[in-house]
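Q: Okay, handing you the structure first.
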Amino acid sequence: MALRISVIGTGYLGATHAACLAEFGFEVLGLDIDPDKIATLTAGRIPMYEPGLSELLLKHVAGHEGSSGRLRFTTSPQEAAEFGDVHFICVNTPQRKGEFAADMSYVDAAVDSIAPYLTRPALVVGKSTVPVGSASRLAERLAALAPVGEGAELAWNPEFLREGFAVGDTLHPDRIVVGTRSERAEELLREVYATPIAEGVPFVVTDFATAELVKAAANSFLATKISFINAMAEVCESAGADVTQLSKALSYDERIGGKFLNAGLGFGGGCLPKDIRAFMARAGELGADQALTFLREVDSINMRRRSRMVELAREQCGGGFLGRQVAVLGAAFKPNSDDIRDSPALNVAAQIQLQGAQVTVYDPKAMDNARKMFPSLAYADSPMEAAYGAHVVLHLTEWQEFRELDPAELGTVVAERRLLDGRNVLDGAAWRAAGWTYRAMGRPS
Ligand code: UDX
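Taking this note's numbering, I'd label the letters of the sequence shown as residues 87 to 531.
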């Protein structure tokens with residue numbers, strides 16, 4: 087009989103994972119403690135913006151015309167525990183307030199919620215990003231709480247999906263990493279991933295600690311790459327060089343490659359910033375903090391980009407923000423997402439407002455989230471409306487919509503034609519030709 091799968095936590099990761107497993111042909115039950123989220127998903131909608139995900143849900147959520155009916159949602163841990171042969175834990179591990187360390191309370195609660203109902207052999211698979219050592223601890227906790235005892239096994243299977251590409255990344259992963267302690271666990275996971283889609287994808291089987299560390303190392307490497315090129319941008323600014331040309335020239339070296347080498351406002355989001363901090367905190371606990379001191383620098387280079395943008399904006403406003411209007415294009419931490427967690431764009435907008443400017447923000451998808459989190463900023467319904475009367479326009483999240491803006495048209499509504507490109511993707515020559523002062527980060531003015 088085909089495996090039945092439960093997915094615990096139905097945020098970005100869990101909702102996508104559940105829908106993709108249904109697409110692979112499994113019967114799937116998604117569990118969440120939030121009844122509103124469960125009602126939304128059951129209606130075939132998603133509580134965030136993620137391209138392609140609602141289409142996939144409608145294709146599989148039971149009760150919708152023409153759906154496979156393989157995907158259902160519940161708030162009952164007992165139902166999920168009894169339903170699944172394999173249970174994926176997909177809850178988040180945010181940064182703890184006032185600390186670098188990860189908050190493991192949701193992962194712990196997920197294990198605690200289903201364990202008491204595991205009366206037959208089951209495999210619980212962690213996908214959340216956790217401090218190394220968590221899987222070992224959770225394996226003991228699971229076996230102690232489950233009536234089936236050691237029959238409730240644990241495995242660790244980190245997830246590498248990117249927001250905005252969550253469905254594509256899940257259907258076509260570039261590798262599958264599993265940390266296991268038994269052949270049975272490995273076999274079950276091979277069965278889950280033995281789909282045509284995962285065919286030919288490297289399947290790395292390792293121990294718990296290595297599996298957990300692969301994720302921390304991958305995100306640290308990506309963050310380091312971005313901060314490296316942003317450090318080069320700082321030097322370029324002092325030397326009068328152009329970081330975009332530098333980055334392009336570097337990218338032809340296959341050992342370096344061009345991905346994650348776009349200089350600008352730096353990284354944000356719910357993953358990279360908190361993951362490198364949690365990694366440093368954990369290394370400290372393990373007595374290996376010296377190994378990761380460079381990540382402190384990666385973090386500070388990244389935060390410096392935000393202050394640099396504020397400084398550039400102040401310069402463009404004539405040295406002070408009082409009485410000045412600033413238009414901010416972009417609120418999401420990156421394009422194709424409505425996620426504003428640790429968004430560089432909103433951080434800059436808020437800093438500038440604190441320093442006395444009147445700031446108006448526009449984003450194609452993240453306005454509702456931005457309004458809730460930053461109610462004191464002003465919001466506009468279009469780039470034109472945001473730019474109305476502005477002394478400087480800041481391009482802070484590189485949505486396609488902003489690349490398609492007509493500089494001449496936008497120029498008719500601003501007080502001054504001054505543009506700061508925080509993502510180095512706009513066509514500077516076209517903006518200059520339309521009479522704008524165009525400045526980007528890490529490039530000559
Ligand atoms: C990241 C990892 O890529 C993913 O593998 C992991 O599972 C979760 O964390 P995500 O947070 O969705 O994914 O965003 P990503 O596309 O990696 O971008 C992160 C940030 O880096 C964004 O703010 C983006 O604007 C910034 N970035 C990215 C740069 O500033 N320059 C680049 O060259 C690339």
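All residues carry an ideal CB built from backbone N, CA and C; glycine is no exception.
Everything numeric in this text was worked out from a predicted model, so none of it was measured.
Label residue 205 either buried or exposed according to how many other C-beta atoms from any shown protein chain fall within 10 Å of its C-beta, with 16 as the threshold for buried.
A: Under the 10 Å beta carbon count, residue 205 is surrounded by fewer than 16 other beta carbons and is classified as exposed.
Q: Would you mind working out which of 463, 152, 110 and 511 sits nearest residue 536, comparing C-alpha positions?
A: In the structure as shown, the chain starts at 87 and stops at 531, and residue 536 therefore has no counterpart that could be examined.
Q: At the level of alpha carbons, what is the spacing between residue 238 and residue 447?
A: 50 Å
Q: Write down the C-beta distance between residue 140 and residue 146 rounded to the nearest angstrom, noting that I regard them as a contact closer than 8 Å.
A: About 11 Å separates the two Cβ atoms, so there is no contact after all.
Q: Can you find the residues in the same chain that come closer than 8 Å, C-beta to C-beta, to residue 434, ignoring five residues on each side of it along the sequence?
A: Within the same chain, residue 434 has close Cβ partners 351, 392, 395, 396, 399, 414, 480, 482 and 508.
Q: Answer yes or no: do residue 187 and residue 309 have a C-beta to C-beta separation smaller than 8 Å?
A: No, Cβ-Cβ distance for residue 187 and residue 309 is not below 8 Å.
Q: Does residue 241 come out as helix, strand or coil in the three-state DSSP assignment?
A: Shown here, residue 241 sits in a strand according to DSSP, grouped into three states.
Q: Where does residue 125 sit, in a helix, a strand or coil, going by DSSP?
A: helix
Q: To the nearest angstrom, how far is the alpha carbon of residue 170 from that of residue 422?
A: CA-to-CA, the gap between residue 170 and residue 422 works out to about 33 Å.
Q: Tell me whether residue 243, by its Cβ, gets closer than 7 Å to a heavy atom of the ligand UDX.
A: no
Q: Look at the alpha carbon of residue 179 and the alpha carbon of residue 216, and state the distance between them as a whole number of angstroms.
A: 7 Å
Q: CA-CA distance, residue 372 and residue 219?
A: Rounded to the nearest angstrom, the gap between the Cα atoms of residue 372 and residue 219 is 10 Å.
Q: Rank 121, 112, 196 and 193 by C-alpha distance to the C-alpha of residue 157 and give the top, closest one.
A: 112
Q: Just to confirm, is the Cβ distance from residue 40 to residue 209 under 8 Å?
A: The chain is shown from 87 up to 531; residue 40 falls before or after that span and cannot be answered.
Q: Use the C-beta contact count for residue 290: other C-beta atoms within 10 angstroms, 16 or more gives buried, fewer gives exposed.
A: exposed
Q: Quick one: what does DSSP say residue 159 is sitting in, helix, strand or coil?
A: Residue 159: strand per DSSP, three-state reduction.
Q: Write down the C-beta distance between residue 436 and residue 463 rounded to the nearest angstrom, noting that I regard them as a contact closer than 8 Å.
A: Between residue 436 and residue 463 a beta carbon distance of about 7 Å is seen, short of the 8 Å cut, so the two are scored as contacting.
Q: How should residue 88 be labelled, buried or exposed, when 16 other C-beta atoms within 10 angstroms of its C-beta is the threshold for buried?
A: Under this definition residue 88 is an exposed residue.
Q: Give the C-beta separation of residue 449 and residue 416 to the nearest angstrom, bearing in mind that I take them to be a contact with Cβ-Cβ under 8 Å.
A: Right, their Cβ atoms sit about 6 Å apart.
Q: The ligand UDX heavy atoms versus the CB of residue 420: any closer than 7 Å?
A: yes
Q: Using CA atoms only, rank isn't needed, just tell me which of 212, 114 and 380 is closest to residue 271.
A: Of 212, 114 and 380, the smallest CA-CA separation from residue 271 is found for 212.
Q: Counting only the same chain and skipping the five closest in sequence on each side, list residues whose C-beta sits under 7 Å from that of residue 228.
A: 197, 201, 210, 238 and 240
Q: Looking at residue 247 and the ligand UDX, is the gap between the Cβ and the nearest heavy atom below 7 Å?
A: yes
Q: Taking 7 Å as the line, does the beta carbon of residue 304 fall inside it for any heavy atom of the ligand UDX?
A: yes
Q: Could you check how far apart the C-beta atoms of residue 221 and residue 165 are, in whole angstroms? I think they sit under 8 Å.
A: About 25 Å separates the Cβ atoms of residue 221 and residue 165, ruling out a contact at the 8 Å cut-off.
Q: Starting from residue 441, trace the beta strand (DSSP E) both ways and give me its first and last residue.
A: Annotation for residue 441: no beta strand (DSSP E) segment contains it, and DSSP assigns it neither H nor E.
Q: From the DSSP secondary-structure annotation, give me the bridge partner or partners of residue 34.
A: The structure shown does not extend to residue 34, since the chain is modelled only from 87 through 531, so no value can be given for it.
Q: Assign residue 307 to buried or exposed, taking buried as 16 or more other Cβ atoms, counted over all protein chains shown, within 10 Å of its Cβ.
A: exposed
Q: Starting from residue 380, trace the alpha helix (DSSP H) both ways and give me its first and last residue.
A: 379-402
Q: Given a threshold of 16 other Cβ atoms within 10 Å of its Cβ, counted over all protein chains shown, does residue 531 qualify as buried or as exposed?
A: exposed
Q: Would you report the Cα separation of residue 214 and residue 453, rounded to the nearest angstrom?
A: Roughly 27 Å separates the two Cα atoms.
Q: Residues in its own chain within less than 6 Å of residue 91 by CB, not counting five upstream and five downstream?
A: 107, 112, 114, 170 and 172
Q: In three-state terms, what does DSSP make of residue 38?
A: For residue 38 there is no data in the structure shown, the boundaries of the chain being 87 and 531.
Q: What do you get for residue 258, buried or exposed, if any count of 16 or more other CB atoms within 10 angstroms of its CB means buried?
A: exposed
Q: In this structure, how does DSSP classify residue 507 when only helix, strand and coil are distinguished?
A: strand
Q: Roughly how many whole angstroms lie between the Cα atoms of residue 160 and residue 96?
A: 10 Å
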